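Protein chains in written order, with my numbering: chain L, 6 to 104; chain A, 351 to 522.
The C-beta atom is built at its ideal place from N, Cα and C for all residues, glycine as well.
Being a predicted model, the structure only gives us computed values, none of them experimental.
Report on the following structure.
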């Protein structure tokens, strides 16, 4: 199995995440697309770990999961707070932050 | 085509199809369910790559904990109605073009790169004993620092999500 297949698969997942981030207006969907991008990187790291027979890459995946879990906790708290203030999770409402 | 290739292509199609479902479905609940299916496909890839511990952790942490948190938030906010305002067609098209062009550029850059192949022989580096040895000898300092990160994230989530009663009373 060439490593290119895993490379292209994780790249496709990453680009789908980018498309979702750019196309949607729901803050929660955008957050899920960020999770998708993180998982694409994880998949590539695991593939390289298998290729080089090195366990360090899998430890990095472990730390990425740790950071993602912490990020989700804080990010969802921010989204809940935003919903409580403006009763919407539409990111266009956040435009007024720049004024 | 052996069982490895069949499983690889099945999981690949499942992962990409469900990832497209995440960004294309109108209902946020469906998006969450599609994302859980994507995580299961990625866990299957981890199993094919002899990363058994990460496959289990991926299912427990991502599909089990994080996505349930998303579901909780969506259902608590009652967002499961299809009331999301859409971006204009032009902006959606621009986003699709931007992502697609990034994909094409990296594809063209890496298509002819010579890289070695993954051999199918099973390795045992993904087992929990070996990963634990590496984690608690070579990477013990980042491990401890990540506990501080978790503590700060927990405190931050509580502080941000707390209802500010006294402020509201003072404002009114």
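| query | result |
| --- | --- |
| Between the alpha carbons of residue 48 of chain L and residue 396 of chain A, how many angstroms are there, rounded? | 7 Å |
| Residues in the same chain with beta-carbon distance under 8 Å from residue 69 of chain L, minus the five sequence neighbours each way, listed in chain order, please. | 43, 46, 47 and 50 |
| Would you verify that the beta carbon of residue 96 of chain L is, or is not, closer than 7 Å to some beta carbon of chain A? | no |
| Against chain L, does residue 507 of chain A count as a neighbour if the rule is that its beta carbon must be under 7 Å from one of theirs? | yes |
| From the DSSP output, in three-state form, read off residue 467 of chain A for me. | strand |
| In whole angstroms, what is the alpha-carbon distance linking residue 304 of chain A and residue 386 of chain A? | Beyond the ends of chain A as shown, which are 351 and 522, falls residue 304 of chain A; an answer cannot be given. |
| Thinking C-alpha only, which one of A:362, A:354, A:373 and A:355 is nearest residue 449 of chain A? | A:373 |
| Is there at least one Cβ from chain A nearer than 7 Å to residue 28 of chain L's Cβ? | yes |
| What residue does the alpha helix (DSSP H) around residue 492 of chain A start on, and which one ends it? | 490 to 511 |
| Can you name the start and end residues of the alpha helix (DSSP H) that residue 47 of chain L belongs to? | 32 to 57 |
| Over what stretch of residues does the alpha helix (DSSP H) that includes residue 375 of chain A continue unbroken? | Where residue 375 of chain A is concerned, there is no enclosing alpha helix (DSSP H), given that its DSSP letter is neither H nor E. |
| Nearest by alpha-carbon distance to residue 55 of chain L: which of A:364, A:478, A:379 and A:471 is it? | A:471 |
| Residue 421 of chain A: which of A:406, A:388, A:383 and A:365 sits nearest, CA to CA? | A:383 |
| What do you get for residue 353 of chain A, buried or exposed, if any count of 16 or more other CB atoms within 10 angstroms of its CB means buried? | exposed |
| Starting from residue 483 of chain A, trace the alpha helix (DSSP H) in both directions and tell me its first and last residue. | 478 to 487 |
| Can you name, in chain order, every residue of its own chain whose Cβ lies under 6 Å from the Cβ of residue 522 of chain A, other than the five neighbours on each side? | For residue 522 of chain A, the pLDDT reaches just 41, beneath the cut-off of 50, and the residue's location in the model is therefore unreliable, although a value from the coordinates is still provided. So no residue of the chain qualifies. |
| Pull up the distance between the alpha-carbon of residue 80 of chain L and that of residue 460 of chain A, whole angstroms please. | 34 Å |
| Short of 7 Å Cβ to Cβ, which residues in the stretch 363 to 377 of chain A face chain L? | 365, 366, 369, 370, 372 and 373 |
| Are the CB atoms of residue 9 of chain L and residue 401 of chain A nearer to each other than 7 Å? | no |
| Flag this pair as yes or no: are the beta carbons of residue 27 of chain L and residue 506 of chain A separated by less than 7 Å? | no |
| Please list, in chain order, the residues of the stretch 49 to 70 of chain L that have any C-beta partner in chain A closer than 8 Å. | 51, 52, 54, 55, 56, 58, 59, 60, 61, 63, 64, 66, 67, 68 and 70 |
| Leaving aside the five residues before and after residue 96 of chain L along the sequence, list all residues of the same chain whose C-beta is less than 6 Å from its C-beta, in chain order. | 30 and 32 |
| Under the rule that 16 or more other beta-carbon atoms within 10 Å means buried, what is residue 425 of chain A, buried or exposed? | exposed |
| Sort out for me which residues DSSP pairs residue 95 of chain L with in a bridge. | L:31 |
| Span of the alpha helix (DSSP H) holding residue 450 of chain A? | 439 to 460 |
| Tell me the rounded alpha-carbon separation between residue 409 of chain A and residue 359 of chain A. | 20 Å |
| Alpha carbon to alpha carbon, what distance is there between residue 464 of chain A and residue 379 of chain A? | 42 Å |
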